[in-house]
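K.L.:
Just dropping this structure here.
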Amino acid sequence: MTDQEFLPKLRAAFAIEAKEHLEAMTSGLLELERAVEAPQQKVLIETIFREVHSLKGASGAVSRTDLQTVCQAMEDVFSAWKRQPVRIAAESFDTLSQVIDLITKLLRLPDVATDAAEQEDISRMTRQVSELLNFPSPAIESSAMPIPSVRKPSDPKALAQPSGRTPTVEPTIAVPPPITPSPEPVWTEAEGPQLSETVRIRMVKMDSLLRKAEEMVAVKLTASQHLKELRGLGDTLAEWRKEWGKVRDLMRTGLTCQNEATLTKLGEFLEWNQSHMRVLEKRLTTLADIAARDEHDIGKLVDDLLDDAKRLVMLPFSTVLDLLPKLLRDLARSMGKEADLVLLGREVEIDKRILQEIKDPLIHLVRNSIDHGLEKPAARLAANKPSCGTIRVVIFQRDAGKVEIVVSDDGTGISRQEVIAAAIRYGTLAVEDAAQLDEPAALALIFNSGVSTSSIITEISGRGLGMAIVREKVEKLGGTITIESLPGIGTSFRIVLPITLATFKGILVSAGGQSFVIPTANVWRIKRIRQCDIQTVENRDTMVLDGRAIAFVRLDEALELTPLAAAEQDGFIEVVVLGAAEKRIGFAVDEVLFEQEVLVKNLGTPLLRVRNVAGATILGSGVPALILNASDLLKTAVRLTSTGHRRSTETPQAAVEAHKLSILVTDDSVTSRMLLKNILESSGYRVVTAIDGMDALTLLKTRDFDLVVSDVEMPRMDGFELTAKIRADKKLSEMPVVLVTALSSREHQERGIDVGANAYIVKGSFDQSNLLQVIQKLI
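Count along the sequence shown starting at 1, add 2, and that's the number in our numbering.
So this is what it looks like as structure tokens:
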């Protein structure tokens, strides 16, 4: 093998190994930060030291000198702490956490970091790490910010509250003990290396095996179909035998007057025919029994193979949950809050494909919990709560191949009134419909795009997109999400997901002369109604379900198909009621056929995303059928039935087309002014610039603008003062203000909220689409 062939393989192996070392270092640092006993600290320091040393060595093998440099600085620190134990300051953990972030960033690079900014990051970080050796570390209790922790079930020290906290009894969780270094394997030359109980297999091979196993579901369905056909043929022959028995004697009697030789031959033939038909019937019965046994055996083999193949790509939730403690730690510190993290069900396994898709929604829910849910320590103490809030992620397996995830906090809860007000403000809800909403329906409004109760838009929250994306991803996976919230007590998000994406139960229906499969999980009910049961309310067809009216549409109309001439059978209409979240809509179909196990097949390029269609499958008869997307169908039905009250659905882009909106850009840097002006004018806005807050205020009093984009640090009048003066002016008080600045600290963001800014964008995380999305949301 040449070097050119070997190096990619070596780097691929390094990427896997480096990820394992990094995960062990991260979890070890979090454990060390919480450890209070010297023996436990000593074990953890040794463990982290070995992981850093191993990563440094592996980096050298692939010539990653950038990683070697960072790891060497970190190794020096832990080597010193090994030789002479110290009381590690909280600030040291902040620095080491930044090192982990830098290593994570460098690992994403395909080769050695050569960019000037990356080299500067490496130099700065190595200097900071080296400084940890140059001063005595104070006690960890001196930290201004307590550390989020993952609770252990039976360790009383893990439940001990830091000084100043109100003692509480919290739910606990089993957490693996600290990672202890495994001794190097020892073997003789004759024995060879000891075999491990686990092997590392590329996921490409696992996916290929799973696809092949999934294909066998079609074989099982075909065998079932053949058995059905054989049994039908046997029934036909049995019917022939019954009828033949009725006419055989009559036939002989009626033909006695005919030629004797002819009658003899005819009689012999009929007897021969009867004998052979009995033989044929017996053989068909035998074949049917064989087919039944084959169906049972093949079905069991396919099910076992598929289950085994699924297990190969099943991963524990710890793969995702292990990311949360550091996320919570960093976010809590940046927001001036205290939070403990309780994890339950880390060992529950689920399809890797589902785990990959649910990772971002879980992270968003946890971020939401600490950003929107948990109060700051002073506010919690004033509400007779412990200063440290608790966020729980609980996972458990339900029956029927389902997994339930509950993300909860003990914060302020969700205000129903604020959600409704935000939905009305952004045009999602009509004022006259607000009074009719019950509690679950009102809370579910936060899943609508654009609805946010945040008072300011930041890089963390406020755009009203996160929860809409969460629900979209959950429903795309065939799951559901619901909310429970009590003011002052807390909020819980409950997600139910299938364990695997490979197969599912589906109901086969026909509409417009075609067959479709609807996932059983989305079917609320199947019902037969009469034409007279369909009522028209405000120009919308409705039907009654459980005592309340729900929307009624035809499935062929929703799919834009030509309806069949005769859709009713015996005066009845068959209706499939679909439900997702708070919606219930009845879809009329030509016929409900049966329920069966369905193997999902993607449509492929260029049909990667087709409205109302989730995929395709092959039925047992060999006929292909489309699998319908229940979430899309519900949205399509809403559009079809949306008459009467027209909600405010005009998009920012439509408003731009109607007339150019005017934006005032305020920045003392000519480069920043030119950049922002170019971005906004390219998007169709009319832009006027000002050099500072004083200049901007003069323009605001003489001209009309729709929005202000302002820097913060400016001469004469800064952005905070400009925003405050805009809010104090009766004519300008409602004008949206977006602050774009390099000031990223929590104190500056809070000041932006205090003076009344609508959005606070940090230049370090600035990108063009981010700014445009914020502006579109505000105007």
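Quick reminder that beta carbons are idealized off the backbone N, C-alpha and C, glycines included. In this text the structure is predicted, and so the values were computed from the model without any measurement.
Between which two residues does the alpha helix (DSSP H) carrying Ala639 extend?
P.N.:
What you label residue 639 is simply residue 637 of the sequence shown in a count that begins at 1. Element bounds for Ala639: Ala632 to Thr643.
K.L.:
Can you give me the Cβ contacts of Asp634 inside the same chain, cut-off strictly under 6 Å, excluding the 5 residues immediately before and after it?
P.N.:
Residue mapping note: residue 634 aligns to position 632 of the sequence shown, counting from 1. If we look at Asp634 and ignore the five residues flanking it on each side, its Cβ neighbours are Arg613 and Asn614.
K.L.:
Helix, strand or coil for Lys507 per DSSP?
P.N.:
In the sequence shown, the residue the question calls residue 507 occupies position 505. Here Lys507 sits in strand by DSSP.
K.L.:
Restricting to runs no shorter than 4 residues, where is the alpha helix (DSSP H) found entirely within the stretch 52 to 117?
P.N.:
Runs found: 67 to 85 and 92 to 109.
K.L.:
On the premise that Asp706 lies in contact with Ser664, defined as a C-beta separation below 8 Å, what is that separation, rounded to the nearest angstrom?
P.N.:
Counting from one through the sequence shown, the residue named residue 664 turns up at place 662. Counting from one through the sequence shown, the residue named residue 706 turns up at place 704. Right, their Cβ atoms sit about 7 Å apart.
K.L.:
May I have the straight-line CA-CA distance separating Asp305 from Gly588, to the nearest angstrom?
P.N.:
Here residue 305 is taken as the residue at index 303 of the sequence shown, counted from 1. Here residue 588 is taken as the residue at index 586 of the sequence shown, counted from 1. So the two alpha carbons sit approximately 34 Å from each other.
K.L.:
Please list the terminal residues of the continuous beta strand (DSSP E) segment that includes Arg331.
P.N.:
Taking the sequence shown and counting its residues from 1, one reaches residue 331 at position 329. Segment Leu326 to Met337 is the alpha helix (DSSP H) holding Arg331; no beta strand (DSSP E) there.
K.L.:
In this structure, how does DSSP classify Arg13 when only helix, strand and coil are distinguished?
P.N.:
Here residue 13 refers to the residue found at position 11 of the sequence shown. Note: Arg13 maps to helix in three-state DSSP.
K.L.:
Are Glu576 and Val591 close, meaning C-beta to C-beta below 7 Å?
P.N.:
Taking the first residue of the sequence shown as 1, we reach residue 576 at position 574. Taking the first residue of the sequence shown as 1, we reach residue 591 at position 589. Against a cut-off of 7 Å, the Cβ pair of Val591 and Glu576 comes out as a contact.
K.L.:
In chain order, what residues of the same chain have a beta carbon less than 6 Å from the beta carbon of Val784, not counting five sequence neighbours either side?
P.N.:
Given that the chain is displayed from residue 3 to residue 781, the structure contains no residue 784 and the question cannot be resolved.
K.L.:
In this structure, how does DSSP classify Ala432 when only helix, strand and coil are distinguished?
P.N.:
Stepping through the sequence shown from its first residue, residue 432 is reached at position 430. In this structure, Ala432 counts as coil in the three-state DSSP scheme.
K.L.:
What is the C-beta distance between Leu317 and Glu359, in whole angstroms, given that I count them as a contact (C-beta under 8 Å)?
P.N.:
By one-based count along the sequence shown, residue 317 stands at place 315. By one-based count along the sequence shown, residue 359 stands at place 357. Not really, about 13 Å apart at Cβ, beyond 8 Å.
K.L.:
What would DSSP say about Arg400, mapped onto helix, strand or coil?
P.N.:
Residue mapping note: residue 400 aligns to position 398 of the sequence shown, counting from 1. DSSP places Arg400 in strand when its eight states are reduced to three.
K.L.:
Could you tell me the distance, in whole angstroms, from the CA atom of Glu22 to the CA atom of Lys222?
P.N.:
For the purposes of this step, residue 22 is identified with residue 20 of the sequence shown, where counting begins at 1. For the purposes of this step, residue 222 is identified with residue 220 of the sequence shown, where counting begins at 1. Each residue's alpha carbon lies about 40 Å from the other.
K.L.:
Let's test the definition: count the other Cβ atoms within 10 Å of the Cβ of Ser61 and tell me whether it reaches 16, buried, or not, exposed.
P.N.:
As a position in the sequence shown, residue 61 is number 59, starting the count at 1. It counts as buried.
K.L.:
Report the residue ranges of all beta strand (DSSP E) runs contained in full by the stretch 484 to 536; include only those spanning at least 3 residues, in chain order.
P.N.:
Runs of the beta strand (DSSP E) inside the stretch 484 to 536: 492 to 500, 505 to 513, 516 to 521 and 525 to 532.
K.L.:
Quick one: what's got a C-beta closer than 6 Å to Ile1's C-beta in the same chain, skipping five residues either side?
P.N.:
Shown here, the chain extends from 3 to 781; a query on residue 1 therefore has no answer.
K.L.:
Please state the DSSP three-state secondary structure of Arg355.
P.N.:
As a first step, residue 355 must be located in the sequence shown, where it is residue number 353. Correct three-state label for Arg355: helix.
K.L.:
Which of the three DSSP states is assigned to Leu32 in this structure?
P.N.:
Here residue 32 refers to the residue found at position 30 when the sequence shown is read from its first residue. Helix at Leu32.
K.L.:
If we ignore side chains and look at the alpha-carbon of each, how far apart do Val742 and Tyr762 end up?
P.N.:
Numbered from its first residue, the sequence shown carries residue 742 at position 740. Numbered from its first residue, the sequence shown carries residue 762 at position 760. One C-alpha to the other measures close to 6 Å.
K.L.:
Do three or more CB pairs link the stretch 120 to 134 to the stretch 68 to 82 at distances below 8 Å?
P.N.:
Yes, they touch.
K.L.:
Would you be able to state if there are at least three C-beta pairs under 8 Å between the stretch 340 to 351 and the stretch 32 to 47?
P.N.:
Not touching, per the Cβ criterion.
K.L.:
How far does the beta strand (DSSP E) with Met316 in it extend, from its first residue to its last?
P.N.:
If you number the sequence shown from 1, residue 316 lands on position 314. Taken as a continuous stretch (DSSP letters only), the beta strand (DSSP E) holding Met316 covers Met316 to Pro318.
K.L.:
Can you give the beta carbon distance from Asp68 to Ala115, rounded, assuming they're within the 8 Å contact cut?
P.N.:
Working through the sequence shown from its first residue, we reach residue 68 at position 66. Working through the sequence shown from its first residue, we reach residue 115 at position 113. So it is a contact: roughly 4 Å between Cβ atoms.
K.L.:
According to DSSP, is Asp209 helix, strand or coil?
P.N.:
Position 207 of the sequence shown holds residue 209. The answer is helix: DSSP assigns Asp209 an H, G or I state.
K.L.:
Leaving out five residues before and five after Thr691 in sequence, what residues of the same chain have Cβ atoms less than 7 Å from its Cβ?
P.N.:
By 1-based counting over the sequence shown, the position of residue 691 is 689. So the qualifying residues of the chain are Val667, Arg675 and Lys679.
K.L.:
What separation, rounded to the nearest whole angstrom, lies between the Cα atoms of Thr97 and Cys390?
P.N.:
For the purposes of this step, residue 97 is taken as the residue at position 95 of the sequence shown. For the purposes of this step, residue 390 is taken as the residue at position 388 of the sequence shown. Distance between the alpha carbons of Thr97 and Cys390 is about 23 Å.
K.L.:
Let me know if Val776 comes out buried or exposed under the rule of 16 or more other beta-carbons within 10 Å of its beta-carbon.
P.N.:
On the sequence shown, residue 776 is found 774 positions in, with the first residue counted as 1. Buried, since its Cβ has 16 or more Cβ neighbours within 10 Å.
K.L.:
According to DSSP, is Ile50 helix, strand or coil?
P.N.:
The sequence position of residue 50 within the sequence shown is 48, counting from 1. Ile50: helix per DSSP, three-state reduction.
K.L.:
Give the straight-line distance between the Cα atoms of Leu488 and Leu439, rounded to the nearest whole angstrom.
P.N.:
In the sequence shown, residue 488 corresponds to position 486, counting from 1. In the sequence shown, residue 439 corresponds to position 437, counting from 1. Approximately 17 Å, taken between the alpha carbons.
K.L.:
Buried or exposed: where does Ala759 fall if 16 or more other Cβ atoms within 10 Å of its Cβ makes it buried?
P.N.:
Along the sequence shown, read from residue 1 onward, the residue named residue 759 stands at position 757. It counts as buried.
K.L.:
Using 7 Å as the threshold, is the C-beta distance between Ala632 and Thr619 below it?
P.N.:
Position 630 of the sequence shown, counted from the start, is the residue given in the question as residue 632. Position 617 of the sequence shown, counted from the start, is the residue given in the question as residue 619. No, the pair does not count as a contact, with Cβ atoms beyond the cut-off.
K.L.:
With 16 as the cutoff for other CB atoms within 10 Å, does Trp242 come out buried or exposed?
P.N.:
Counted from its first residue, the sequence shown places residue 242 at position 240. That one is exposed.
K.L.:
Check whether the stretch 79 to 89 touches the stretch 25 to 35, counting contact only when three or more Cβ pairs, one atom from each stretch, lie closer than 8 Å.
P.N.:
No, the stretch 79 to 89 is not in contact with the stretch 25 to 35.
K.L.:
Would you mind sorting Leu282 into buried or exposed? The rule is 16 or more other CB atoms within 10 Å of its CB.
P.N.:
Locating residue 282 in the sequence shown gives position 280, where the first residue counts as 1. Exposed, because fewer than 16 other Cβ atoms sit within 10 Å of the Cβ of Leu282.
K.L.:
Is it right to say Leu773 is buried, meaning 16 or more other beta carbons lie within 10 angstroms of its own, or is it exposed?
P.N.:
Reading the sequence shown from its first residue, position 771 is the one you call residue 773. Buried, because 16 or more other Cβ atoms sit within 10 Å of the Cβ of Leu773.
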